[in-house]
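Notes follow the structure.
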Amino acid sequence: MNSVFVYRPVLAWVIALFAILFGGIAFQQLAVEQYPDVAPPSLSISATFVGADAQTLDRTVTSVIENELSGVDDFLFMSSTSRANGTAQIRVTFRSGTDLDIARSQIQDRLARVEPRLPDEVRQMGVRVTQANSGFLMLVALTSDQNRFSALELGDFAANNVADELRRVPGVGDVSLFGSSYAMRIWLDREKLLSYGLAPGEVIAAIREQNAQTAGGGLGLQPIAPGTETTAQIVLRGRFSTPEQFRQIILRATPGAATVRLSDVARVELGRDNYAFSLSLNGRETAGLAVSLASGANALATANAVRARMNDLQASFPGGMSWVTPFDTTPFITESVRGVTTTMVQALVLVSVVVLLFLQSWRAVFLPTIVVPVSLLGACMGLLAFGVSINLLSLFAMVVAIGILNDDAIVIVENVERIMREEDLPPHEATVKAMGQLTGAIIATTLVLLAVFIPMGFFPGSAGGIYRQFAVTLSISLVVSTILSLTLAPAICAAVLRPRDETEGRGGPLRRLYTAVNSGLERSSRTYTDWVGRMLLRPWLWIGVFLCVVLLTAAMYVRLPSGFLPTEDQGYLFVAYNAAPGSTMERTRAAAAQAEAILHQQPEVRNVVTVVGFSFFGQGQSVGMSFVDLHPWAQRRGEAHSAMTLANRMNVAFSRIPQAQVFAINPPAIQALGNASGFTMKIEDRGGAGAQALAAAAMGITARAAASDRLTGVRPEGMLRAPQLFVDIDRTQARSLGVPLSQANQALGILFGSAYVNDFVRQGNVLRVFVQADAEQRMRAEDVSDLRVVGSGGQSVPLSAFARTRWTTGEQQVERYNGFLSATVSGEGAAG
C-alpha cells in the first residue's frame, strides 16, 4: 500500500484532480453568509382592521387566529402584536428543519377555516402569510431629479411596478412599501350629508352599486335559435377610473326633485392609499421599499439578485427617476468574509516560510503549498453535501485546519529527508520507508482529532447551529487531508525531493539566513535541555507550579465575560423615536428632524433614512425609526469612529431632544434572532391579571435591572398607554330615539376611521376607494359629540342625545406569546 502511490504517481494525481474538479464545482455552489442559519424557520401572518383600536383588534382578530393555529405540525412558539393603527401580525416559529412550504399550506388551511369568524372589514382587506425574517436586508429608495416626481408619484410607481418584481426575486421573504400608491379618496362633508338627510352608509352603498364590474352576456350565445348567423358580446360600463366619474355618482334621484350626486356632499380626489408612513432620505421625502430576507435564504446572493433586478427595471423607469440603496446590511458580510479569507492566505504563506526556514529546501516547501489548498478545495465537496455555507465560522475552521493539515505534510517531508540523509537512500525508497513508519501515526492522529471535533457538531440549540458548521468543516478538512497525505504526498516526495547538497548556495544570503536559524535552534535546544535537567531535580516543586497555573487558569476562566456572539461594527445603526403618547406624525417628524440634523454633523454618517410611523418596537403616529448608513470602515479607522462609539455619543446628544425619547441601537450579530443587540425576554400573564399589571411587572423588572452593574440599557419594549376617547352609547336611549345601534357604529367607523369601499382602475392598475370625513371635521372630541346620526324615520339625532364621551387611556399595542398576554423587556450586558 505504501509503495502504490510512490511508483504510480498518476493514480495519486487523479485523486487530487478529482478533489480539485469536484471541489471547485462545489465551491461555486456554496452559499456565502456572515453566520450560519441558526434561527428556527418562521412564517408571518398579517391582517388589517381599519379604524380598530389595539384591544378590539386583539379580541376579534389576533386571538381568534391564534386559537386556530394551535396544533400545527412542528410548532415551536408563536408571538403576536396588535397595534392601534389597525394592523396585526402573528409570527409562528417552527422547529429547525421544518419544510416551510408544507407549514405554509397548513397555516393557510387553518386561516381558511377561521376566516368566516373574522370581521367583514378584515376579510375584505385580506389576511397575508409571508416567509420573512425579522429586520430588513436592505432598503431601496426611488429618487427623482430636480423634484420632478412627488413622494406620492414615486410611491405609486414603486407599489405598482417594483414591489411585486422584488417579491419574485429568489430569497426575498417580503417587501414592505414605505410610501403609498394612489387611491380614490372621498372626503365627506358631514354638514352637507345632514342637509340632504343622507347617512354615510348610503353613500357607500351607492358607490358599490354604480362603481361595479358586471358581465353583460352576449348575443347569439349557445344554444342558439335556428338561422342565427352572428354573435356579439354585450359590454357594460365597468368600474370608474377618474375622480370626475366618481363625482357624478347619484346618491338620490327623486321625480320632480333635484338629483343629489356625490360631488354635492363630498370632495373627491386622487390621494394616498396609506397615510400611516412617511419616508425621507437625508431629509428629502421620497418612497422606499424594505426588502426582508426569507427564512434560511442567502443574504449576499439575495442582495445581489435584488440589485440586478433593479438594474433591469431601471430601463422602464420614467425619465428623471432613479433608485439607490441607502441602507444595505450585506457589505459587512462581504468585508468579514474577505477578512477571514485574507487571514487564510496569510496563514498559508506563513506556513510556507516556516517550512522553508526550518527544512531549508525549496523542494520541501512544494509539498505543503500543494497539499493544503487541494485539501481545502476537496473539503468543499463535503461542505456542500452537509449543507454548510461559506461563513465566518467555516472559514475560521479552515484557518485552524491549515496549521493542522501542514503537520502531516511537514512530518512526511522531514522524515523522507532524514532517511535520505542518514541512510543514503534514493527518494523513492526513502519515501516508501518513511510512509511505512508514518501511515499508522497519521491515521491515529486524525482519529484523535476527529474524536475531539465531531462531538461539537451535536451541541443543541442556536449555539450548536453555529459550532456545528465549525466542527463539520474542520472534520471534513482533516479527512480529506489524511487521504491526500497518504496518496498525493508520497507521490510528490518521490518526484520532487532530492538529497540535500550542503554546499548549495554556500555564502549566499539565503545560506547565511539558514546558518543563523540553525544556530538559534541549537542555542534554544541547549537552553531547553538545561532547564529540563534542573526541573527533574525538583519534580514536586514544578508539579506544584503546574497545579497553581491550572487553578489560576480556572479562576480566570470563571471571571471571563460570556456571551452568544460579540457585538461588532456592522457599518450601520438604528435610531428609534418614541414621542409622547398620542402625538401626531407632525410632532414625531419634528423630533426626527432634530435627530437627523445631529446625525448629519457626524463625520462617520453617510446616509440617513427615516420612517415616521414605523419602528421595530411598534407602529403608530408617535413612533419612528432611522436607518443610519455609515461610511466604509477604511474611512473611519479607530475605535473613536466605530459604530458602538458613535451610538454612545449620539445617545448623549439625543437626550437633549425634548419632543421624544430618541436612542441609537447597534444591530444584533444575527438579524434573524432579533432587531437589536443584547437580550430579549418575554413576561407572560398566565393568571389573567390584565395589561396594566403586566406593564407594572415589566417596569419592576426594569427598575431592578437598572440597579445592577452587570446590565445596561434594560428597557420595556412596546409603546406606552395613549389617550383614548371612550364613547358610551346608551342603547335604551338610542332605541327610544329611533336610532339603530348599527347606524351609529357605522357612522362613527366611516367618518372617524375610514371605509374601504371597492376598487377602481387607473392606467391598468387596480386601486382602492376609501370614504372618510374631511379632516377638519374629525379633529376634536366635540366633533364626535356633535355627530348627527340619521334615524330609522329619516330624522337626524345628535350623538350626544344618547351617548356620553370621556377621556381615558388604553394600550397602543397588545402583545401575546403562545396565546398569553405578554410584555417584552430588552437590554444588554454591561461592558466586561
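Here our numbering is used: the first residue of the sequence shown is 499, the next is one more, and so on. We treat Cβ as the ideally placed atom computed from N, Cα and C, and that holds for glycine.
Let me check understanding here. Comparing Cα to Cα, which of the options lies closest to residue i?
i: Thr1230; options: Gly1136, Ala1301 and Arg1184; result: Ala1301
i: Leu893; options: Leu945, Arg1304, Phe655 and Val970; result: Val970
i: Val869; options: Arg737, Ala987, Leu1192 and Val625; result: Ala987
i: Gln644; options: Leu995, Met1179 and Thr784; result: Thr784
i: Val789; options: Val670, Asp905 and Gly876; result: Val670
i: Gln1092; options: Gly1136, Asn658, Ala1151 and Ala1078; result: Ala1151
i: Ala1201; options: Val1323, Gly901 and Thr1303; result: Val1323
i: Asn583; options: Leu945, Ser1234, Ala1232 and Ala1220; result: Ala1220
i: Val1107; options: Gly880, Arg1184 and Ala639; result: Ala639
i: Phe647; options: Pro1238, Met819 and Ser983; result: Met819
i: Trp1305; options: Val1237, Leu1223 and Arg1085; result: Leu1223
i: Thr740; options: Gly1031, Leu1045 and Phe1258; result: Phe1258
i: Phe775; options: Pro924, Pro824, Ile722 and Gly677; result: Gly677
i: Gln553; options: Ile600, Ala1141, Thr579 and Leu798; result: Thr579
i: Arg759; options: Arg626, Ala1196, Gly714 and Gln708; result: Gln708
i: Leu903; options: Val852, Leu598 and Val977; result: Val977
i: Met896; options: Leu846, Val909, Ala942 and Ala928; result: Leu846
Taking the beta strand (DSSP E) that residue i belongs to, which residues open and close that run?
i: Pro1214; result: Leu1209 to Pro1214
i: Asp672; result: Val670 to Phe676
i: Glu783; result: Arg782 to Leu791
Given this structure, state the Cα-to-Cα distance separating residue i from residue j, to the nearest angstrom.
i: Asp618; j: Trp1131; result: 52 Å
i: Thr1307; j: Ala1189; result: 12 Å
i: Arg1278; j: Arg615; result: 34 Å
i: Phe951; j: Thr839; result: 22 Å
i: Gly695; j: Gly1289; result: 10 Å
i: Pro538; j: Asn1316; result: 16 Å
i: Glu564; j: Ile588; result: 8 Å
i: Arg966; j: Phe956; result: 7 Å
i: Val766; j: Arg1286; result: 22 Å
i: Ser561; j: Ala610; result: 15 Å
i: Leu509; j: Phe503; result: 7 Å
i: Gly569; j: Ile974; result: 39 Å
i: Ser1283; j: Leu692; result: 15 Å
i: Val1312; j: Gly1216; result: 9 Å
i: Leu1319; j: Arg557; result: 11 Å
i: Gly1198; j: His1129; result: 40 Å
i: Arg1314; j: Phe573; result: 16 Å
i: Gln1310; j: Arg581; result: 6 Å
i: Arg1208; j: Phe1177; result: 13 Å
i: Thr728; j: Leu719; result: 9 Å
i: Thr585; j: Pro816; result: 33 Å
i: Leu1039; j: Gly1031; result: 14 Å
i: Ser1206; j: Leu798; result: 40 Å
i: Gln858; j: Val849; result: 13 Å
i: Glu915; j: Phe634; result: 58 Å
i: Pro824; j: Phe1125; result: 9 Å
i: Leu675; j: Ser793; result: 20 Å
i: Thr628; j: Ala795; result: 14 Å
i: Ile513; j: Ala942; result: 22 Å
i: Arg782; j: Arg1260; result: 27 Å
i: Phe544; j: Leu555; result: Here residue 544 turns out to be Ser, not Phe, going by the sequence shown. So the alpha carbons of these two residues sit roughly 12 Å apart.
i: Val853; j: Pro534; result: 34 Å
Among all the DSSP beta bridges, which residues are the ones paired with residue i?
i: Gly1325; result: Phe1177
i: Met682; result: Leu768 and Val1267
i: Phe1125; result: Phe1072 and Val1107
i: Pro1296; result: Arg1286
i: Pro1221; result: Thr1307
i: Ile543; result: Ile588 and Val627
i: Ser776; result: Val1110
i: Asp497; result: Because the chain in this structure spans residues 499 to 1330, residue 497 falls outside the shown range and cannot be described.
Residue range of the alpha helix (DSSP H) that residue i falls in?
i: Asn904; result: Leu890 to Glu921
i: Tyr505; result: Val502 to Tyr505
i: Trp1040; result: Pro1037 to Arg1057
i: Asp1257; result: Where Asp1257 is concerned, there is no enclosing alpha helix (DSSP H), although the beta strand (DSSP E) it sits in stretches over Ala1253 to Arg1260.
i: Phe1152; result: Ala1141 to Phe1152
With 8 Å set as the bound, which would you pick, yes or no: does the beta-carbon of residue i sit closer than that to a beta-carbon of chain C?
i: Pro824; result: The structure shown contains no chain C; it is built from a single protein chain.
In chain order, which alpha helix (DSSP H) runs of at least 4 residues are fully inside the stretch 937 to 994?
Listed in chain order, they are 959 to 994.
What are the complete alpha helix (DSSP H) segments, minimum 4 residues, inside the stretch 555 to 627?
561 to 567, 598 to 612 and 618 to 623
Residue ranges of each beta strand (DSSP E) within the stretch 808 to 891, 3 or longer
819 to 826
Unbroken stretches of the alpha helix (DSSP H), 4 residues or longer, contained in the stretch 691 to 760
698 to 708 and 741 to 745
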